[in-house]
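Sequences listed follow chains A and B, in order. In this text, residue positions in the first sequence follow this note's numbering: the first is 1, and each later residue adds one. In this text, residue positions in the second sequence follow this note's numbering: the first is 330, and each later residue adds one.
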Amino acid sequence: MLDKIELAEKNYKVEFDAVNNLESIEELRIKYLGRKGIFTELFEEFKQLPKDEKPKYGQVLNKAKSFAQKEYDELKSKLEKSESEKKENIDLTLDGRNVELGSKHVLTQTLDEIKQIFKGLGFSIYEGPELESDHNNFEMLNFPADHPARDMQDTFFINDNFLLRTHTSPVQVRLMENNKPPIRALMPGKVYRNEAISAKSYCLFHQVEGLYVDEDVTFAELKGTLVVFLKQFFGEDVKYRFRPSFFPFTEPSAEVDVWWQPKGKEGRWLEILGCGMVDPNVLENVKIDNEKYVGYAFGMGVERIAMLKYGIGDIRVFFDNDKRFLKQF
Amino acid sequence: MKLSLNWLKQYIDLDGISTEDVVENLTTAGLEVDDVIDQKKLYNNFIVGYVKERENHPNADKLSLCKVEVGSEIFPIVCGAPNVKAGQKIVLAKVGAVIPNSDFTIAKAKIRGEESMGMICSERELGISDNHDGIMVLDSEIKSGTDFSDVFGFNDVIIDIDITPNRADAFSHIGSTRDLAAIFGRKLKLPEISLTETEEEINAIASIEIENDIDCPRYVAKVVKNVTIKESPKWLTDRLTSIGLRPINNVVDVTNFILYEIGQPLHAFDLDKLAGNKIIVRSAGKDEKFITLDSKERKLLETDLLICDAEKPVAIAGVMGGENSEVTTSTKNILIESAYFRPSSIRKTSKKLGLQTDASIRFERGCDVNITLYAAQRAAQLISELGNGEIVKGEIDIYPNKISLKEVSLRISRIKKILGFEITIPKIKEIFSGLEFEIVSETNEILTYLIPTFRHDIEREIDLIEEIARIYGYDNIPEIAKIGVSVERRVDNSSFNDKVRETLAGLGFYEIITNSLLNVELASKYGNPIGVLNPQSFEMSHIRPSLFPGMLATISRNIKVNEKNLKLYEIGHVITKFNDVISDFSDFEETEHLLFAITGNANEDEWYSKKRETDFYDLKGLASSFFKSVTDKSRIKVKYNQSLGEGMFEYSICNLIGKNTFAEGGKVKAEVLKEFGISQNVFAFDINLTELKKIEVELNRFTELLKFPKIKKDCAFVLDSNIDYNAVVKIIESSNSNLLKNVKLFDIFESESLGSNKKSLAFELTYFNENKTLTEEEVDKEFWKAIESVKTKLNAELRG
């Protein structure tokens, strides 16, 4: 019996030394430690021994088996570890499988940013048609026929009564005609101007207008609200000025300039939006009591703001839609 | 309009006020300053020098070496002018000087080996004439070291301002100065009139008659006799040239000067050319013609106002005079017209003739009816002074219906309601008195003002409030950021499109924005477009009835720059007319569309996959994901169009809501693409967003997660190859109970081995019951029912 144990132990050591992978160690385990393995069989044999012989072999057998078991456990975990390290032969530097994402046009992105700020200030968003009546685009907004103010907006006419809207203000008219104050809305959309296409002007552009009509709206609040916008959009330290201007549909009217300081060049004031208190005539036209209610309105061009923000010098690139341009934003 | 600061100073004392302050305050008063040219700065480093020595350049025949003395300094200068001599006084541009009208800066240089520390200037180089024959030689009396700008009196500052249409009153030096006077609290000084008149009465030598006193409310005439027509003196030509006007002769220059001085347009007639020495103001006759000063024949309408003599028209009122009564060198006697015309009448004529003049632009915005006499007298005085003329006694002043001054009241409480801050009554009164508004009555609550006739823009209380804000200064008005909670219902018209854009970006599409104006030929191929009455060009005469032309042009342009693999979309309005005459919104339809298109390769050769061309199934899959993301897809029906005669597509699928087709997508016909020079396949989907938005998407309620197992069964059929996949699916679905939850095609196989015109379609059928575990028997029963049904109805065989 003792010989058998020693032989088993010796053979185990020899075979153990030859093991070099998970497969052969499993074979080794089955051969020596499995249900019908050599050590298991030796234990069976041991059970048959007379009672007085048992102490003689028990200790030796136990020691041999636990030694084998310990050797096996250690080597197996070592092999498993090296196996897992070895198995994935991955080139981490290779490009991943391509998933091309698209994007919104940079004008849409700019508009979204403007919308976001005013939505946060409680503004709703309304849209309206591009082919408008002269009535909604001019008459209702206090541009009388034969008035020099009409020269301010070169217009594409369809006929005497219809035109391509020159601003999104007709949406204000539609809104005020169909709603009671308080009205607080932002109105984005395409507008058209009959101007030759050049680096500086295009026959259409995107405008966003805002309108707020309520009982206690003031010019000071208009200023405050627009300053919040300027700071959120251009940064806390934006330098700006409000100066008097003229629009038929607002009185008093103002234009807002921001100080633009390109690197290494001379800075200058750039006009970025027009605004004012809704002219009482406009409120009267839409049948809102202009004694009780006061409103303010403002408007800005998305292209102009996007050109400033992204350093784009030619308005035409927005409408060329070159993919190399689209991909940049 | 250009303002000369020196000129402006004739009417206001600007002592202690810097040019910067003047510029700043013009802008804050609403007269936005576009540009400022400081002549002194322009001639910085241009200085009078004395040519002490001159000798020939050792290495160049045509060059001279000069030593120019400026004060105690001596500069070596290489000069190329033939006329340079020792002993001359010249203008030296020192190192650092910038040559006017150019970007050229004088630098220290070595010319043919000799050092040069500046340049001796010609008149052209100084920007004062075109003469470049040689250097400019100055009077020897002028001291060397004097600034060149002082020699010629170039010490003005020219301020270019923008005048908004409401501020006709500011369209002159005095008009603009009035705002400065109000802001700085200084007095506006008008030039005084002092006339020396002859014994002869004006009524004896001329007469005026107004036939149309609606369009011509007032007409003032003065006569100056025996005038010598000649060049104007330097002070006058300087004034005119400083603001970019060309001097002509003393009479015309005076009328131009007064126009820019006080804003009243004047006209000088040669009295001897006026038949009957008479002026008649009347409307033009039907088809009447007239030759204006610019030698063009103008056709007139009955709404145009004419100035005539006893026989013929001599001017188009307020717009332009005629050749036939022009002041020439032989003119002796002058009739000065100083009139007030109705603004909208002048505007109509000027617009129709396409003729805008310094006069018409002022008349159409509104001149001052009460300045007419003053302007005529000032003109008479200046013409007589400059042309040794005799002013005839008195004036003719036809003013039948006096325009009375408007009274406007201002409630003090209203100022706070509109502007949001309090302003004291004394401050208000100070502002208005500065603007020459006369107070009529006042209480603690209400101030009533008389509005001067030069302020056509002030008619209502709100206009007075605007004046307060303007002169008080917008920058001084507080900024109240009252970020309140909005209690009104919040609406966002754009939220659906926001979702559309986000979905498409996620699906790999780039957004494009194209021109909505197209040429008529192109636009008509895609619908029934509306034309623009006054297009910029033939290429942009019609409003797009479809997004296709813009998309295809964009694809074409990108392919040309080698961007061939494209996934693009545009959202925009399209307009189709129903009637040729657009008189109402029902005569046309404006809808919002989305067009997305794919072309080129879906993917290029990569280490993990082979190159593959985009095809119809890419489009269909993208459309499916799109609809699933933005709407309730179950509400959308599909129609298949295998081959189309008309339209954009070779084949297409349509999407319907009820019976209404709102979307169509497919393969764009090659002949359509050819017009855009595109030779690769394009697949596109055109969706009417206005319609799509109408689908009401119900709130998606939570469905319990499945607790019981799904059972999947596979089968494959051999069918005639012309049988659609969809037909098979329909038969499988109709043969089974609702235990069948999904039918998926997982393989298509076509081979001769199946027989000719045969194909094999392999399906995976998924079964489950939400309430219990299905047994194999239950599923098999359904599964075989499906197989039998397909076999009999489609004459199919079960494969394998």
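Idealized CB from N, CA, C, for every residue including glycine. Computed from a predicted model, the values in this text were never measured in an experiment.
(message) Based on DSSP bridge pairs, tell me the residues matched to residue 367 (chain B).
(response) Locating residue 367 (chain B) in the second sequence gives position 38, where the first residue counts as 1. DSSP output for residue 367 (chain B) lists B:486 as bridge partner(s).
(request) Between the Cα of residue 487 (chain B) and those of B:351, B:1020, B:616 and B:977, spot the shortest distance and give me the residue it belongs to. (result) As a position in the second sequence, residue 487 (chain B) is number 158, starting the count at 1. Comparing C-alpha distances from residue 487 (chain B) to each of B:351, B:1020, B:616 and B:977 shows the shortest one belongs to B:351.
(request) Taking residue 902 (chain B) as part of the beta strand (DSSP E), name the residues at either end of that continuous run. (result) By one-based count along the second sequence, residue 902 (chain B) stands at place 573. Run containing residue 902 (chain B): 895 to 906, per the beta strand (DSSP E) assignment.
(message) Quick check: what's the CA-CA separation for residue 416 (chain B) versus residue 333 (chain B)?
(response) Numbered from 1 along the second sequence, position 87 holds the residue referred to as residue 416 (chain B). Numbered from 1 along the second sequence, position 4 holds the residue referred to as residue 333 (chain B). Cα atoms of residue 416 (chain B) and residue 333 (chain B): separation of roughly 37 Å, rounded to the nearest angstrom.
(message) Going by DSSP in three states, residue 718 (chain B) sits in which element: helix, strand or coil?
(response) On the second sequence, residue 718 (chain B) is found 389 positions in, with the first residue counted as 1. Looking at residue 718 (chain B) - three-state DSSP - the assignment turns out to be coil, as it is neither helix nor strand.
(request) Could you name the residues of chain B that residue 126 (chain A) contacts, counting a contact when the two beta carbons are closer than 7 Å? (result) Here residue 126 (chain A) refers to the residue found at position 126 when the first sequence is read from its first residue. 820 and 822, listed in chain order.
(request) Quick one: which residues of the stretch 219 to 236 of chain A get their C-beta closer than 8 Å to a C-beta of chain B? List them in chain order. (result) Residues passing the 8 Å Cβ filter: 219, 220, 221, 223, 224, 225, 227 and 228.
(message) Along the chain, where does the beta strand (DSSP E) containing residue 599 (chain B) start, and where does it finish?
(response) On the second sequence, position 270 is the one that residue 599 (chain B) refers to. Per DSSP, residue 599 (chain B) belongs to the beta strand (DSSP E) from 596 to 599.
(request) Thinking residue 497 (chain B) and residue 691 (chain B) are a contact (beta carbons under 8 Å), I'd like their distance in whole angstroms, please. (result) Locating residue 497 (chain B) in the second sequence gives position 168, where the first residue counts as 1. Locating residue 691 (chain B) in the second sequence gives position 362, where the first residue counts as 1. The C-beta distance from residue 497 (chain B) to residue 691 (chain B) rounds to 6 Å, short enough to meet the 8 Å contact threshold.
(request) Report the residue ranges of all beta strand (DSSP E) runs contained in full by the stretch 252 to 299 of chain A; include only those spanning at least 3 residues, in chain order. (result) Within the stretch 252 to 299 of chain A, the runs of beta strand (DSSP E) at least 3 residues long that lie entirely inside it are, in chain order, 268 to 278.
(message) What does the Cβ neighbour count give for residue 922 (chain B), buried or exposed, with the cut at 16 atoms within 10 Å?
(response) To locate residue 922 (chain B), count along the second sequence from 1; it is residue 593. It counts as buried.
(message) Measuring only the C-alpha atoms, how far is residue 1079 (chain B) from residue 1052 (chain B)?
(response) Counted from its first residue, the second sequence places residue 1079 (chain B) at position 750. Counted from its first residue, the second sequence places residue 1052 (chain B) at position 723. Straight through space, the alpha carbons of residue 1052 (chain B) and residue 1079 (chain B) are spaced by roughly 13 Å.
(request) Whole angstroms is fine: what's the gap from residue 935 (chain B)'s alpha carbon to residue 1105 (chain B)'s? (result) To locate residue 935 (chain B), count along the second sequence from 1; it is residue 606. To locate residue 1105 (chain B), count along the second sequence from 1; it is residue 776. One Cα belongs to residue 935 (chain B), the other to residue 1105 (chain B), and the distance between them is close to 45 Å.
(message) Bridge partners for residue 299 (chain B) per DSSP, in chain order?
(response) The first residue shown for chain B is 330 and the last is 1129, placing residue 299 (chain B) beyond what the model contains.
(request) From the DSSP output, read off the bridge partner residues of residue 871 (chain B). (result) The residue given as residue 871 (chain B) occupies position 542 in the second sequence. Paired residue(s): B:847 and B:860.
(message) DSSP three-state label for residue 764 (chain B), please.
(response) Residue mapping note: residue 764 (chain B) aligns to position 435 of the second sequence, counting from 1. Three-state DSSP puts residue 764 (chain B) in coil, outside helix and strand.
(message) Looking at chain B, is there any beta carbon in it that lies within less than 8 Å of the beta carbon of residue 294 (chain A)?
(response) Here residue 294 (chain A) refers to the residue found at position 294 of the first sequence. At least one chain B Cβ lies under 8 Å of residue 294 (chain A).
(message) Looking at chain B, is there any beta carbon in it that lies within less than 8 Å of the beta carbon of residue 89 (chain A)?
(response) Here the question's residue 89 (chain A) lines up with position 89 in the first sequence. No, residue 89 (chain A) lies away from the interface with chain B (no Cβ there is under 8 Å from its Cβ).
(message) Quick check: what's the CA-CA separation for residue 308 (chain B) versus residue 854 (chain B)?
(response) Limits of chain B in this structure are 330 at one end and 1129 at the other, which puts residue 308 (chain B) out of reach.
(request) Measure the C-alpha to C-alpha separation of residue 945 (chain B) and residue 111 (chain A) and round it to an integer number of angstroms. (result) Locating residue 945 (chain B) in the second sequence gives position 616, counting from the first residue. Locating residue 111 (chain A) in the first sequence gives position 111, counting from the first residue. Those two C-alpha atoms are separated by around 34 Å.
(request) Tell me whether the beta-carbon of residue 231 (chain A) lies closer than 8 Å to the beta-carbon of residue 206 (chain A). (result) Here residue 231 (chain A) is taken as the residue at index 231 of the first sequence, counted from 1. Here residue 206 (chain A) is taken as the residue at index 206 of the first sequence, counted from 1. With respect to residue 206 (chain A), residue 231 (chain A) sits apart: the two C-beta atoms are not nearer than 8 Å.
(request) Establish whether the CB of residue 275 (chain A) and some CB of chain B are separated by less than 8 Å. (result) To locate residue 275 (chain A), count along the first sequence from 1; it is residue 275. False, the Cβ-Cβ gap to chain B never drops below 8 Å.
(message) Which residue wins for smallest C-alpha separation from residue 941 (chain B), given the options B:700, B:1010 and B:1028?
(response) Position 612 of the second sequence, counted from the first residue, corresponds to residue 941 (chain B). Comparing alpha-carbon positions, the option among B:700, B:1010 and B:1028 lying closest to residue 941 (chain B) turns out to be B:1010.
(request) Give the range of the beta strand (DSSP E) segment to which residue 189 (chain A) is assigned. (result) As a first step, residue 189 (chain A) must be located in the first sequence, where it is residue number 189. Note, residue 189 (chain A): beta strand (DSSP E), 183 to 192.
(message) To be precise: take each residue of the stretch 2 to 15 of chain A, compare its Cβ to all Cβ atoms of chain B, and keep it if any distance is under 8 Å. Which residues remain?
(response) Of all residues in the stretch 2 to 15 of chain A, none places a beta-carbon less than 8 Å from a beta-carbon of chain B.
(message) Distance check for residue 749 (chain B) and residue 801 (chain B), CA to CA, integer angstroms please.
(response) Residue 801 (chain B) sits at position 472 when you count from the first residue of the second sequence. Residue 749 (chain B) sits at position 420 when you count from the first residue of the second sequence. Between residue 801 (chain B) and residue 749 (chain B), the alpha-carbon positions lie close to 14 Å from each other.
(request) Figure out for me which residue from B:939, B:377 and B:913 has the closest Cα to the Cα of residue 97 (chain A). (result) Sequence index remark: in the first sequence, residue 97 (chain A) carries index 97 (1-based). Check the Cα spacing between residue 97 (chain A) and each of B:939, B:377 and B:913: the tightest is with B:939.
(message) Give me the DSSP bridge partner(s) of residue 301 (chain A).
(response) Counting from one through the first sequence, the residue named residue 301 (chain A) turns up at place 301. Residue 301 (chain A) is bridged by DSSP to A:207.
(message) One question on the structure: do residue 203 (chain A) and residue 846 (chain B) come within less than 8 Å of each other, judged by their Cβ atoms?
(response) Indexing the first sequence from 1 puts residue 203 (chain A) at position 203. Indexing the second sequence from 1 puts residue 846 (chain B) at position 517. Going by C-beta atoms, residue 203 (chain A) is nearer than 8 Å to residue 846 (chain B).
(message) Strictly below 9 Å CB to CB, what residues from chain A border residue 415 (chain B)?
(response) Along the second sequence, one-based indexing puts residue 415 (chain B) at 86. Chain A residues near residue 415 (chain B): none, gap ~42 Å exceeds 9 Å.
(request) Going by CA-CA distance only, name the one from A:302, A:227 and A:242 that's closest to residue 236 (chain A). (result) As a position in the first sequence, residue 236 (chain A) is number 236, starting the count at 1. Comparing Cα-Cα distances from residue 236 (chain A) to each of A:302, A:227 and A:242, the minimum goes to A:227.
(request) Assuming residue 955 (chain B) contacts residue 833 (chain B) (C-beta within less than 8 Å), just tell me the rounded distance between them. (result) On the second sequence, position 626 is the one that residue 955 (chain B) refers to. On the second sequence, position 504 is the one that residue 833 (chain B) refers to. Residue 955 (chain B) to residue 833 (chain B), Cβ: 7 Å. Contact.
(message) Which of the three DSSP states is assigned to residue 922 (chain B) in this structure?
(response) In the second sequence, the residue the question calls residue 922 (chain B) occupies position 593. Three-state DSSP puts residue 922 (chain B) in a strand.
(request) Could you give the DSSP three-state label for residue 976 (chain B): helix, strand or coil? (result) As a working mapping, residue 976 (chain B) is identified with position 647 in the second sequence. Here DSSP, grouped into helix, strand and coil, assigns residue 976 (chain B) to coil.
(request) Report the three-state DSSP secondary structure of residue 728 (chain B) (helix, strand or coil). (result) Here residue 728 (chain B) corresponds to residue number 399 of the second sequence, with the count starting at 1. Residue 728 (chain B) falls in the coil class under three-state DSSP.
(message) Is it buried or exposed, residue 188 (chain A), if we count other Cβ atoms within 10 angstroms and call 16 or more buried?
(response) In the first sequence, counting from the first residue as 1, residue 188 (chain A) sits at position 188. Residue environment for residue 188 (chain A): buried (at least 16 other C-beta atoms within 10 angstroms of its C-beta).
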